[in-house]
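Taken in order, the sequence shown gives residues 1 to 440; the numbers are from our numbering.
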Amino acid sequence: MMKLINTLKDIWNIKELREKLLLTLGLIAVYRFMAQVPLPGIDPTQLTALKEGTSSGLMGLLSAFTGGAFSRASIMALGIMPYISASIVVQLMGIAVPYLQKLQKDGESGRKKITQITRWLTIGITLVQAPTYITAIKTSFGLPQEAFLVSGATFWFSSIVLLTAGTIFAMWLGERITDKGVGNGISLLITVGILANFPGAFMQELVSKTENAGAGGFMMILLEIFVWFVVILLSVLLVTAVRKVAVQYARRTVVGDIKDVAGARQYIPLKLNAAGVMPIIFAQAIMFLPVALARKFPMLSELQDMNGLWYNVLFAVLIIVFSYFYTAITVRTDEMAQGLKRSGGFIPGIKPGSETSERLDSILSRITFPGSLFLAGLSILPAIIVQFGVQQSWAMFYGGTSLIIMVGVAIDTIQQINSYLLNSHYDGLMKTGTSRKSLK
């Protein structure tokens, strides 16, 4: 406990880190405040039906990602999701479009142009999603007609403009957190939105278990918390697990001292889950299609239940497929092999060049399979947890996109903070660390 207190004191004493953290917290507070502001022309006292209509299924997931703004008809209802969609589209187009491939190789200038393209595409996607959202709250989500204080073209125009502006503002906040704050701004905004639902979900589960006879009471709550911590631990292992591929560098001569230096042995870390959370996002996007088809074809009705067997079987298979797909397009083993060859490195027993690329690709394919199975298991775990009487809102924190994103962002943020601490202390976060300032 004392070590944690000392660490927090060190964080506060580093001026640059303190300013970044305060800026990050301030921008997050602005984002959460804006998420509470409803669209003009909608009576906020009539939103109960909308919250109930978007509390489950894929709509419930979208509501969770926006911190409840989706179910409040907020000006931030679309949140940062259009930006994520645009980023995915640009990334996929980078495989086939020569112009984007050239920009990816142009360094910082190319990155800025890709960012600008992503921003414009975000606006285009928002202009499509905004009318869809307004149509949905008018017809599909059960919002009564008396909730609309304004109608006609005025309401449509103002709502589309404000929803688009809300997404652009969320995108700007995320970029500011990345540039001026602790980093990972977009992911951090999603994480904050997910965590905003945590207190309400836990209290709902607590009331359900303590007030209903035979529900298990506090012992069941303690068991659920224990299982939750185990799942978090497994998620951390999935995010951080790597397969180290040994690499040997040729002997070289140091000109200054004219010494013959033996080749150094290093490692290429290949992540067990190189695709991250993207396979889940892709799979969930694809799952909209069978759910829509199930409404027209009764034989597919089981696909409408997110907690049903066939929905989750199909969902898990898609995650495994997209894990291989996304890993293949993001981890370029041929470029890694050429980079090793140029720097004089090689895998012991493997010739540089094409054989090295094939070897890396073989290793990556083998470790992707257990990683994708693990990811698919975590993704369908909430549906399994629900079968044991756990509330849907609380079960969401037992796996899926929400948990993977939260774990990944938490690890990245801690690493960012650690880097500042290590710059100010010789021993980093060690309890006996000596401050550089004290040695001056």
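The C-beta atom is built at its ideal place from N, Cα and C for all residues, glycine as well. A quick note: this is a predicted structure, and the numbers were derived from the prediction, not measured.
TODO: Could you pull the start and end residues of the beta strand (DSSP E) that residue 29 belongs to?
DONE: Counting from 1 along the sequence shown, the entry for residue 29 is found at position 29. First-last for residue 29: 15-34, but that is the alpha helix (DSSP H), not the beta strand (DSSP E).
TODO: Go ahead and pull the three-state DSSP assignment for residue 247.
DONE: For this step, residue 247 is matched to residue 247 along the sequence shown. The answer is strand: DSSP assigns residue 247 an E or B state.
Open item on the list: Using CA atoms only, rank isn't needed, just tell me which of 275, 345, 342 is closest to residue 373.
Closed with: Counted from its first residue, the sequence shown places residue 373 at position 373. Answer by Cα proximity: 275.
- [ ] Would you check if there are 3 or more beta carbon pairs closer than 8 Å linking the region 395-413 to the region 176-188?
- [x] Yes: the two stretches touch, three or more of their Cβ pairs being nearer than 8 Å.
Task: Proximity below 8 Å, CB of residue 311 to CB of residue 300 - done: The count along the sequence shown starts at 1 and reaches residue 311 at position 311. The count along the sequence shown starts at 1 and reaches residue 300 at position 300. No. Outside cutoff.
Open item on the list: For the structure I just gave you, are there three or more beta carbon pairs, one from the region 223-241 and one from the region 282-290, closer than 8 Å?
Closed with: No, the region 223-241 is not in contact with the region 282-290.
Task: Span separating the alpha-carbon of residue 121 from that of residue 20 - done: Numbered from 1 along the sequence shown, position 121 holds the residue referred to as residue 121. Numbered from 1 along the sequence shown, position 20 holds the residue referred to as residue 20. Put simply, the backbone Cα of residue 121 is about 29 Å away from that of residue 20.
- [ ] With a 10 Å radius around its C-beta and 16 neighbouring C-beta atoms as the bar for buried, classify residue 370 as buried or exposed.
- [x] Taking the first residue of the sequence shown as position 1, residue 370 is located at position 370. It is exposed - the Cβ of residue 370 has fewer than 16 other Cβ atoms within 10 Å.
Open item on the list: Taking the alpha-carbon of residue 386 as reference, which of 7, 309, 321 has the nearest alpha-carbon?
Closed with: Numbered from 1 along the sequence shown, position 386 holds the residue referred to as residue 386. The residue with the shortest Cα to Cα distance from residue 386 is 309.
Open item on the list: Beta-carbon within less than 6 Å of residue 155's beta-carbon, same chain only, minus the 5 sequence neighbours each way: which residues are those?
Closed with: For this step, residue 155 is matched to residue 155 along the sequence shown. Around residue 155: 41.
Open item on the list: Less than 8 Å between C-beta atoms, sequence neighbours within five positions excluded: which residues of the same chain meet that for residue 18?
Closed with: Your numbering for residue 18 matches position 18 in the sequence shown. So the list reads 11, 12, once near-sequence residues are dropped.
Open item on the list: Quick check on residue 296: does DSSP put it in helix, strand or coil?
Closed with: Against the sequence shown, residue 296 aligns to sequence position 296. Residue state, collapsed to three classes: coil.
- [ ] Taking only the alpha-carbon atoms, compute the straight-line gap between residue 220 and residue 62 and give it to the nearest angstrom.
- [x] Position 220 of the sequence shown, counted from the first residue, corresponds to residue 220. Position 62 of the sequence shown, counted from the first residue, corresponds to residue 62. Distance between the alpha carbons of residue 220 and residue 62 is about 29 Å.
Open item on the list: If the criterion is Cβ atoms closer than 8 Å, does the pair residue 395 and residue 316 meet it?
Closed with: Here the question's residue 395 lines up with position 395 in the sequence shown. Here the question's residue 316 lines up with position 316 in the sequence shown. Their beta carbons are not under 8 Å apart, which means residue 395 does not touch residue 316 by this criterion.
Open item on the list: When you compare the region 86-95 with the region 142-161, are there three or more beta-carbon pairs, one atom per stretch, that lie closer than 8 Å?
Closed with: no
Task: Nearest-angstrom Cβ-Cβ length linking residue 404 and residue 230, presumed shorter than 8 Å - done: The count along the sequence shown starts at 1 and reaches residue 404 at position 404. The count along the sequence shown starts at 1 and reaches residue 230 at position 230. The Cβ separation is near 15 Å, so there is no contact.
Task: residue 271, DSSP secondary structure in three states - done: One-based indexing of the sequence shown puts residue 271 at position 271. Three-state DSSP puts residue 271 in a strand.
Task: In DSSP terms, what residue 346 is bridged to - done: Against the sequence shown, residue 346 aligns to sequence position 346. Paired residues: 248.
Task: the region 122-133 touching the region 97-106, judged by at least three CB pairs closer than 8 Å - done: no
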